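Input: a single structure, listed below in structure tokens.
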Amino acid sequence: MWSLPAAFPPLLLLLLLGQTPPSRLQSLSTMKLRLVGPGSRPEEGRLEVLHQGQWGTVCDDDFALQEATVACRQLGFEAALTWAHSAKYGPGEGPIWLDNVHCVGTESSLDQCRSNGWGVSDCSHSEDVGVVCHPQRQRGYLSERVSNALGPQGRRLEEVRLKPILASAKRQSLVTEGAVEVKYEGHWRQVCDQGWTRNNSRVVCGMLGFPSEAPVVSHYYRKVWNSKMKDPKSRLKSLTKKNSFWIHRVNCLGTEPHMANCQVQVAPAQGKLRPACPGGMHAVVSCVAGPRFRPLKEKPGSKESWAEETRVRLRSGAQVGEGRVEVLRNRRWGTVCDHGWNLISASVVCRQLGFGSAREALFGAQLGQALGPIHLSEVRCGGYERTLSDCPSLEGSQSGCQHDNDAAVRCNIPNLGFQDQVRLAGGRSPEEGVVEVQVDVNGVQRWGAVCSDHWGLSEAMVACRQLGLGFANHAIKDTWYWQGTPGAREVVMSGVHCSGTELALQQCQRHGPVHCSHGAGHFSAGVSCTDSAADLVLNAQLVQETAYLEDRPLSQLYCAHEENCLSRSADRMDWPYGHRRLLRFSSQIHNLGRADFRPKTGRHSWIWHQCHRHYHSIEVFTHYDLLTLNGSKVAEGHKASFCLEDTSCPTGMQRRYACANFGEQGVTVGCWDTYRHDIDCQWVDITDVGPGDYIFQVVVNPKLEVAESDFSNNVMRCRCKYDGQRVWLHDCHTGD
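Read in order, the letters of the sequence shown correspond to residues -25 to -1, 1 to 711 in mature numbering (1 follows the signal peptide of the UniProt record, and there is no 0).
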């Protein structure tokens, strides 16, 4: 009997004994996992692995907490709570891909752990393992994005488009009907219509930014196809004989966010030996555009569909079709918690709003936080629901969520070609410069400048959105230091007035014949864009809770009078005798955006205010008004200037801005600036107002001097009842 040296490698020993050593799967952490099972929550279920384009299970042999921890972290959760053996979440189907998995616990992916190897198992599906993860998402796990990978081989379906065939479709600026073409490995291919379904069409339309599909008059397209096949000069006939012309088969459920997530067969099973798509033709799809993208001559949708759309909205997104998800319940807007948030639920929101499917479901308040209620959590849509309210969900108030869990979405929208009709020139970086647009001048497309008359932040926001560069940081009216493109310095657009919601400057109101008071050159419109912005929101609840009346003697109002904080009738009073009746309240203004709110002007322009004994960096920061129920002013109102500072910040966050000692001014992301009710000018003078029912209104950043991601929440309104002696504020809300 022979013996082995003590230093004999253990791996060689295993091979000599005929045993297979535990293998480390050869992968670059691209393995996909999912948790499934009847009635399971997003953070628990049967563990399944995607390998060679097929989902399979994991055997529970030797599986323990460290293996569950690696799986949960790979799925985006912070940790594992436990694991479940013996198919607790039901037996799976298909292969059992992994068995005898051994992890240290520090691996970033399950494929870095040791196992028997792919498909090497002596288990049955009654031994499928399940895991229970901690519901908290990892801080770095920011979103679920659409993948265009076609299985694990790394090949990709890069793009999808519709090629118009009918003459009427070719004349449309927005193509909604045509043959499906797929860009695969850098080359465009057509998709075979054999086995093509409405579910496939729904996926294609969703990718192209359309909420739904429509039936196609297929016999007409077949007639056109057959005529081309009979034409001996047709190039199409020779191309169709090549397998590289086709995507052979596609089979979708209809809920997939991308065609690559469907079952896709690029070529027949025997490869080049069999022709692709025998006897078939290209698949034709017809999509239905959402209301925002339909031609003006088309009839609007039903009142019912409009009502559904208005029960959900997106806020604080830089582009159309993206933002924080908010839903309307019991006449109050609230957010959706990101627990369980995924691309399928996000796509239901996108389609409900008239966009296509979702290309990204975002977690962790990536597009800003909101104030107010969190309405929904654990939203679990199947994908075919008409509205988010049709999906199963839990009450947000019972989920333990905070607003740093606010869910958001980025939707696919139709490509209208607007991004090719604007550019920036002369700037120091690609995000700034003179705005140049392409417009029709006497039937010819020409590039030129935009007149800066009336150019403001609303117009600049539209320009940055059209450029795909986020938000406008500054609207620039004097661009003498930037050289425009030679041959494009003539003004071709003037009198531009945008509401701020348009997709392109070409959609804004503007002059017919160009009229610019100062001509072209040094005073062309310019912009500076940024990918993040502040978002100021007034705490409406605090206003409602702190409002009261004070009859303040004139002897204590000299300073406030000098600063125009009183109604003009105070000028006619016999100073210092008498008093003014003031509606006082506290204002707490939160910065819920993703950038600090900083004053537009530098320190050299700040103004010293004797009453408050500090510099004000924004002269008109808020408007305070009392209105009748039909919107007419009854109190002259008051334009309040502010010194901006971080009065308070969340625990663990440092205050960065302070008014004392001529300090830097601003409001840090997540912090808030409070003006207490007992500070001078923190009021509306209602001395001349009679008893009645009114609307109390506060507008923050009213002149839109500083960029924000969402201006719609800058207005706060309350119902106000005044009986001549007392005042009540109720139903205070922002942005509705």
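From the three backbone atoms N, C-alpha and C, an ideal C-beta is built for every residue, glycine too.
All of these numbers come straight from a predicted model, not from anything done at the bench.
Neighbourhood of residue i by C-beta, 6 Å cutoff - its chain only, sequence neighbours within 5 removed
{"i": "Phe560", "result": "Val518, Thr521, Ala522 and His652"}
{"i": "Gly181", "result": "Gly331 and Ser332"}
{"i": "Ala62", "result": "Ser101 and Asp103"}
{"i": "Cys634", "result": "His589, Cys618 and Glu620"}
{"i": "Pro110", "result": "Glu18 and His314"}
{"i": "Pro(-21)", "result": "Bear in mind that the predicted position of Pro(-21) carries a pLDDT of just 41, short of 50, making it unreliable; the figure below should be weighed with that in mind. So no residue of the chain qualifies."}
{"i": "His705", "result": "Arg694"}
{"i": "Met436", "result": "Ala447 and Gly475"}
{"i": "Gly329", "result": "Pro186, Gly265, Pro266 and Arg267"}
{"i": "Arg177", "result": "Glu188 and Gly229"}
{"i": "Asn380", "result": "Cys312 and Asp313"}
{"i": "Thr505", "result": "Gly445, Phe446 and Asn448"}
{"i": "Trp455", "result": "His497"}
Start-to-end residues for the beta strand (DSSP E) that takes in residue i
{"i": "Thr310", "result": "Arg307 to Val311"}
{"i": "Thr709", "result": "Val702 to Thr709"}
{"i": "Arg9", "result": "Lys7 to Val11"}
{"i": "Asn566", "result": "Ser562 to Asn566"}
{"i": "Tyr650", "result": "Trp647 to Tyr650"}
Element boundaries [alpha helix (DSSP H), containing residue i]
{"i": "Gly181", "result": "Arg173 to Met182"}
{"i": "Glu142", "result": "Contrary to the premise, residue 142 reads as Ala rather than Glu in this sequence. Ala142 to Lys145 is the span of the alpha helix (DSSP H), which, as asked, contains Ala142."}
{"i": "Trp200", "result": "Ser193 to Lys205"}
{"i": "Gln519", "result": "Ala515 to Thr521"}
{"i": "Lys212", "result": "Arg210 to Leu214"}
DSSP state of residue i mapped onto helix, strand, coil
{"i": "Lys158", "result": "strand"}
{"i": "Thr44", "result": "helix"}
{"i": "Glu366", "result": "Checking the sequence, you will find Cys at residue 366 rather than Glu. Three-state DSSP puts Cys366 in coil, outside helix and strand."}
{"i": "Gln113", "result": "coil"}
{"i": "Gln629", "result": "coil"}
{"i": "Gln1", "result": "Only weak support is given to the placement of Gln1: the predicted model assigns it a pLDDT of 40, under 50, and the value that follows is read from those uncertain coordinates. Here Gln1 sits in coil by DSSP."}
{"i": "Glu279", "result": "Low confidence applies to Glu279: its pLDDT is 49, below 50, so where it sits in the model is not reliable, and the reading given next is rough at best. Residue state, collapsed to three classes: helix."}
{"i": "Arg421", "result": "strand"}
{"i": "Met234", "result": "helix"}
{"i": "Pro270", "result": "coil"}
Beta-carbon gap between residue i and residue j smaller than 8 Å
{"i": "Cys483", "j": "His472", "result": "yes"}
{"i": "Ile593", "j": "Trp647", "result": "no"}
{"i": "Val673", "j": "Thr597", "result": "yes"}
{"i": "Cys167", "j": "Cys262", "result": "no"}
{"i": "Arg131", "j": "Asn123", "result": "yes"}
{"i": "Cys426", "j": "Ala500", "result": "yes"}
{"i": "Ala144", "j": "Val106", "result": "no"}
{"i": "His486", "j": "Gly470", "result": "yes"}
{"i": "Ala424", "j": "Arg398", "result": "no"}
{"i": "Ile349", "j": "Gly371", "result": "yes"}
{"i": "Glu353", "j": "Val384", "result": "no"}
{"i": "Val642", "j": "Asn566", "result": "yes"}
{"i": "Gly51", "j": "Arg112", "result": "yes"}
{"i": "Arg197", "j": "Met256", "result": "yes"}
{"i": "Leu480", "j": "Leu391", "result": "no"}
{"i": "residue 730", "j": "Val259", "result": "Outside the displayed range of the chain (-25 to 711) lies residue 730, so it cannot be described from this structure."}
Nonlocal neighbours in the same chain, by C-beta distance under 8 Å from residue i, ignoring five residues either side
{"i": "Val199", "result": "Ile140"}
{"i": "Gly443", "result": "Gln294 and Gln394"}
Buried versus exposed, by CB contacts within 10 Å (16 or more), residue i
{"i": "Trp171", "result": "buried"}
{"i": "Glu23", "result": "buried"}
{"i": "Ser291", "result": "buried"}
{"i": "residue 713", "result": "There is simply no residue 713 to check, as the chain begins at -25 and stops at 711 in what is shown."}
{"i": "Phe393", "result": "buried"}
{"i": "Met(-25)", "result": "With a pLDDT of 37 at Met(-25), under the threshold of 50, the predicted position of this residue should be treated as unreliable, though the coordinate-derived value follows. So Met(-25) ends up on the exposed side."}
{"i": "Thr310", "result": "buried"}
{"i": "Pro186", "result": "buried"}
{"i": "Leu3", "result": "Below a pLDDT of 50, predicted positions are generally treated as unreliable, and Leu3, at 34, falls in that range; no measurement from the model is reported."}
{"i": "Gln441", "result": "buried"}
{"i": "Asn201", "result": "exposed"}
{"i": "Ser99", "result": "exposed"}
{"i": "Ile582", "result": "exposed"}
{"i": "Phe637", "result": "exposed"}
{"i": "Glu134", "result": "exposed"}
{"i": "Arg569", "result": "buried"}
{"i": "Asp453", "result": "exposed"}
{"i": "Glu160", "result": "exposed"}
Same chain only: Cβ atoms within 7 Å of residue i, ignoring 5 sequence neighbours per side
{"i": "Gly401", "result": "Gly408, Val409, Trp457, Gln458 and Gly459"}
{"i": "Val595", "result": "Lys614, Ser616, Pro677 and Lys678"}
{"i": "Arg307", "result": "Gly347 and Pro348"}
Contact with chain D by residue i, beta-carbon distance below 8 Å
{"i": "Cys252", "result": "Structure shown: chain D not included; a single protein chain is present."}
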